[in-house]
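First up is the structure itself, then whatever we jot down about it.
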Amino acid sequence: MTEKFEAEMRKSLLTLKQELMDNINSQNNSFHSLVSSADPKDDVDIASDVIDREMLESMSSQDLNKLRSIDAALSRLNAKRFGICMKCGKKISEARLRALPYAVLCIECQNNDER
Ligand SMILES: [Zn+2]
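Going by the numbering used here, the final residue of the sequence shown carries number 130, and the count climbs one at a time with no gaps.
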């Protein structure tokens, strides 16, 4: 994976995360005050540091799963393990990652899973 693609993916993930946060914020004002008090540069750690049990309960499980997936993808980027299928260990195609930056399975394994 090129550095350029990595940077593109990081940007996509952070944008997705921001959108999700904004979405959650608009549903929950107390969440908003907590998130905005966090250091905005510390994007990767916001979820683990700022979100406590109460906030987790106020989030829909769908949003929460997505947030976790995004955070996991950012961790994989940092660990240089991004874009590797968790099931078969092959590279996930760049086209798929562009469409779904937090994908953990390659398209073949995803299709097998859904069957
Ligand atoms: Zn796979």
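All C-beta atoms in this analysis are idealised placements derived from N, C-alpha and C, irrespective of residue type, glycine included. Just so you know, these numbers come straight off a predicted model, no measurement behind them.
With a cutoff of 7 Å, residue 120 counts as near ligand 1, since its C-beta is closer than that to a heavy atom of the ligand. It is roughly 7 Å from the alpha-carbon of residue 124 to the alpha-carbon of residue 103. Beyond the five residues adjoining it in sequence on each side, residue 32 comes within less than 6 Å, by CB distance, of 85 in the same chain, given in chain order. Between residue 35 and the set 110, 83, 99 and 105, the nearest pair of CA atoms involves 83.
With a cutoff of 7 Å, residue 123 counts as near ligand 1, since its C-beta is closer than that to a heavy atom of the ligand. Residue 105 sits in coil when the DSSP states are folded into three classes, being neither helix nor strand.
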